[in-house]
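This report concerns only the one structure given below.
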Amino acid sequence: MGSEKNNTRIFHGVGASPGIVIGEARIADRSRVAVVEVPIDPAEVPSEIKRVRKALDETKAELKALKEEIAENKGLEHLYVIDTHLLILEDSMLIGETVQCIENEKINAEAALKKTLKKFKEFFEGIEDEYLRERSGDIETVVERVLRNMLGKRHEPFLESGGRVIIVAHDLSPADILQIDKNKVIGFVTELGGKTSHTAILSRSLEIPAVVGLEKILSELSNGDPVIIDGKNGVVIVNPDEQTFRDYLQNKQYYEYQERELLKLRDLPAETVDGYRISLKGNVEFVEEIPSIRKHGGEGVGLYRTEMLFINRNSLPDEEEQFRVYAEAARQMAPFPVTIRTLDVGGDKFIHDLNLDDELNPALGVRAIRLSLRQPGIFKSQLRAILRAGAFGKVRIFFPMISGVGEIREAKALLDEAKNELREACIPFDENIEIGIMIETPSAVIIADLLAREVDFFSVGTNDLIQYSLAIDRTNEHLSELYEPLHPAVLRSLKMISDAAHAADIDVCICGEMAGEPAYLPILLGLGYEELSMNAVSIPKVKKVLRRCSRGEAVTLAQQALTFSTAAEVESYLQSQITARYSESID
Ligand code: PEP
Ligand code: MG
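Per the working numbering, residue 5 is the first one in the sequence shown, and the count goes up by one each step.
Spelled out as structure tokens, the structure:
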């Protein structure tokens, strides 16, 4: 590596998930396999048919292995997409048409399969139902796998053998990340995305170091290049020279040492030096993440994003399936609460499994509670499942993207209906379930006093609150500079929300990414937040700062922070205070 000093290249992107990893680049190759049509001799027909069948069998074996890996690592609820693909492979029409094409047209197996795919696609394109139409994409994916097997080119870049691979891709979907095998893929780099895109959030929750928003990185890298990722600082180093390699190895060891030290805080109370206790909880997308909250000393789930249960499958989860998952979450987290958010799809979250219209502006479209209220059947089955889970542990429920009182009242009316249905069916549930809302739209901030009369708690979604207040798309890498959590508008909003909650004597929490940033802890504490929910690994980091803070000083600090005119001024004030008081605690 030392001799390659001049080849070392350093790139700066957005640090999406902390941790330092050193590995080999693997370009996520989504390009289509090129197929050339070749005429064959009639005598070659049987061997070409054999080739198709063999490739189909190999693909089946590959998918079954993938299914087992996912079942082991990610849980059963994510297997539907693989099952769909297996069903396509078993479809006798696919193989029948291909064989017929080889026999009748006397062409090579690859070309015959491509022709069959074209026929299928034409058929699907004519279907009116959008959901069914989209299944043609699944067939294309499956055929692509078969073609790759026929040509000896493996399809799945994430599961290559050898391990210590860093995936480099233009973009990765939450579904892609779900398929990552953490034993083999140790990090990823993408050209698109920002810190609060759901891909980034998911990578943090699965503890996979990642750098996103690195435009044109694909043109800078080749398969097999040695790469270092510093997921905290957003740095990617390609072809590191020996000194850089040694430095990062040392940084990696230091980072891992710090992690181990932080874990020692796990059982210490989350309280300030003047004895003020707050609650630190974890955000999850999957039940499988709950052990990590426990490991990091979290006292409950402050945000359970249920939408991951709905994506990546061809039918929606029914009440029973949801109930089993939510009840398992409640059981695993007991005696601490699990705060379950009703479905929040739309925006940058996947909606292809729900039959929704394309929208020009999905972030402002039929998202979250708006969708649930338009689909009361789906909504009520989720409400019943959550209510029933409440019989197995402490469960709270809350609604995303509320913009007015009317929505809460409608949602609560449906919740009452769901309760009545359960009562009539003599199914046990939590009669007194606490009800909350996400505060993440500017209108909700402005009428926080009115909203506070309707619910038991507020949970502030700073990711969206910043996006909507500052009119900055949270996923747009070109705007990440303008996405300012310390913007005076954001700080004033946080104060208004907290004041309204305290005046109404209801609980107030932050569950957006701001809550997990240790440097913001003093200001959030000073603004009156008594519960913070974050990705599990941040819990001990925030706790460490908290245990050095005094509540009184934090209140003064927050008051002072509110007097500045720009985020930069607030930031430099915070920095000076932090250096003076908490320097060792915040890295
Ligand atoms: C938020 O908006 O801050 C939030 C926690 O919800 P999500 O990131 O899922 O939109
Ligand atoms: Mg949100």
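Each residue gets a CB set at the ideal place from its N, CA and C atoms; glycine is no exception.
Exposed or buried, which one is Leu227 when buried takes at least 16 other CB atoms within 10 Å?
In the sequence on display, residue 227 carries Asn and not Leu. By the neighbour-count rule (16 or more Cβ atoms within 10 Å), Asn227 is not buried but exposed.
In whole angstroms, what is the alpha-carbon distance linking Phe15 and Ile233?
10 Å
Which residues in the same chain as Pro380 place their Cβ atom closer than 8 Å to its Cβ, once the five residues preceding and following it in sequence are excluded?
Leu418
Under 6 Å from any heavy atom of the ligand PEP, does the C-beta of Glu593 make it?
Since the displayed the chain opens at 5 and closes at 591, residue 593 lies outside it and no answer follows.
Check whether the stretch 518-532 touches the stretch 489-505, counting contact only when three or more Cβ pairs, one atom from each stretch, lie closer than 8 Å.
yes
Can you check which of these residues, Thr194, Asn243 and Ser207, is closest to Glu219 by C-alpha distance?
Thr194
Following a CB-centred definition, is Asp477 positioned closer than 6 Å to any heavy atom of the ligand PEP?
no
Sort out for me which residues DSSP pairs Thr567 with in a bridge.
Paired residues: none, contrary to the question.
Check the C-beta distance from Arg400 over to Thr343 and give it rounded, since I have them as a contact under 8 Å.
4 Å
According to DSSP, what are the bridge partners of Glu28?
Val169 and Pro230
Just to confirm my understanding: we take Ile92, look at its own chain, exclude 5 residues before and 5 after, and list those with CB closer than 8 Å. What are they?
Leu98, Asp142, Ile143 and Val146
Check for me: the beta strand (DSSP E) holding Cys513 runs from which residue to which?
Asp511 to Ile514
On the premise that Gly306 lies in contact with Ala170, defined as a C-beta separation below 8 Å, what is that separation, rounded to the nearest angstrom?
A small fix is needed here, since residue 170 is Ile in this sequence, not Ala. Not quite, the Cβ-Cβ distance comes to about 31 Å (not below 8 Å), so this is no contact.
Report whether the distance from the Cβ of Gly440 to the nearest heavy atom of the ligand MG is below 6 Å.
no
Just the Cα atoms here: how many angstroms apart are Lys58 and Gly130?
31 Å
Going by beta carbon distance, what residues of the same chain come within less than 6 Å of Leu469, once the five residues before and after it are set aside?
Glu444
The alpha helix (DSSP H) that contains Lys423, what's its start and end?
Val409 to Glu428
By DSSP, does Val574 sit in helix, in strand, or in coil?
helix
With a threshold of 6 Å, establish whether the CB of Gly516 neighbours any heavy atom of the ligand PEP.
yes
Whole angstroms are fine: how far does the CA of Asp322 sit from the CA of Ser407?
28 Å
Would you tell me roughly how many angstroms separate the C-alpha atoms of Val449 and Ile510, rounded to the nearest one?
15 Å
Tell me whether Leu578 is buried or exposed, calling it buried when 16 or more other Cβ atoms sit within 10 Å of its Cβ.
buried
According to DSSP, is Pro295 helix, strand or coil?
helix
Unbroken alpha helix (DSSP H) run spanning Gly381, endpoints
Pro380 to Ala393
Which complete alpha helix (DSSP H) runs does the stretch 253-287 hold, if anything under 4 residues is left out?
none
Please work out which residues of its chain come closer than 7 Å, Cβ to Cβ, to Phe396, disregarding the five sequence neighbours upstream and downstream, and give them in chain order.
Ala331, Ala334 and Arg335
Between which two residues does the beta strand (DSSP E) carrying Glu306 extend?
The sequence shown places Gly at residue 306, not Glu. Val305 to Arg309 is the span of the beta strand (DSSP E), which, as asked, contains Gly306.
At which residues does the beta strand (DSSP E) containing Leu98 begin and terminate?
Taken as a continuous stretch (DSSP letters only), Leu98 belongs to no beta strand (DSSP E), being part of the alpha helix (DSSP H) at Ser96 to Glu109.
I'd like the list of long-range same chain contacts for Lys54, defined as Cβ closer than 7 Å, with 5 residues on each side in sequence excluded.
none
Endpoints, the alpha helix (DSSP H) within which Gly448 is located:
Looking at the sequence itself, residue 448 is Ala, so the reference to Gly does not match. Note, Ala448: alpha helix (DSSP H), Pro446 to Ile450.
With 16 as the cutoff for other CB atoms within 10 Å, does Asn187 come out buried or exposed?
exposed
Please classify Asp69 as buried or exposed, where buried requires at least 16 neighbouring CB atoms within 10 angstroms.
What sits at residue 69 in the sequence shown is Ala, not Asp. By the neighbour-count rule (16 or more Cβ atoms within 10 Å), Ala69 is not buried but exposed.
Can you tell me whether Gly238 is helix, strand or coil according to DSSP?
coil
Can you tell me which residues form a DSSP beta bridge with Glu535?
Ser283 and Cys513
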